[in-house]
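What follows is a single structure, written as C-alpha cells, with notes after it.
In our numbering, the protein residues as written are 2 to 101.
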C-alpha cells in the first residue's frame, strides 16, 4: 500500500492479513459482521468526521466462517446460555448454527 493509498484488499487466510486491520479486536469484529450477515467479505473503514484514513476489504473463507460459528456454539454452551438463554439461542438458530 502506497503512502497515499487508503484502500487494501486482504484474505483472512493470508498470514499477513493482520496488516490490513491492525487491532485484533477489530479483526474479530469484522469476522463477526461477515458471519452475522452471511457474507464472505466485509469492509473495515477507519476515519473521523472529516476524512477516511483507511479501508480494508477482508475476504473470509467458508471454512473460517463455519469454524467461527462452531466457536459461537461452544461459547453459548459454556455459559452464555445461562446469561441470556433466549436471545443468544435465537441469534444462533437464526443463522443456522445448532446449539447442541
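Cβ coordinates follow ideal geometry from the N, Cα and C atoms, glycine included.
* Asked: Looking at residue 13 and residue 50, is the spacing between their C-beta atoms short of 8 Å?
  -> No, Cβ-Cβ distance for residue 50 and residue 13 is not below 8 Å.
* **Residue from 34, 21, 16 whose Cα sits closest to the Cα of residue 7** => 21
* To do: Could you name the residues of the same chain whose beta carbon sits closer than 7 Å to that of residue 69, not counting the 5 residues immediately before and after it, in chain order?
  => 32, 36
* Asked: At what residues does the alpha helix (DSSP H) containing residue 35 begin and finish?
  -> 25–37
* **Per DSSP, cross-strand counterpart(s) of residue 132** => Any answer about residue 132 is impossible in this case: the structure gives the chain only from 2 up to 101.
* To do: Within 10 angstroms of the Cβ of residue 38, are there 16 or more other Cβ atoms? Answer buried if so, exposed if not.
  => exposed
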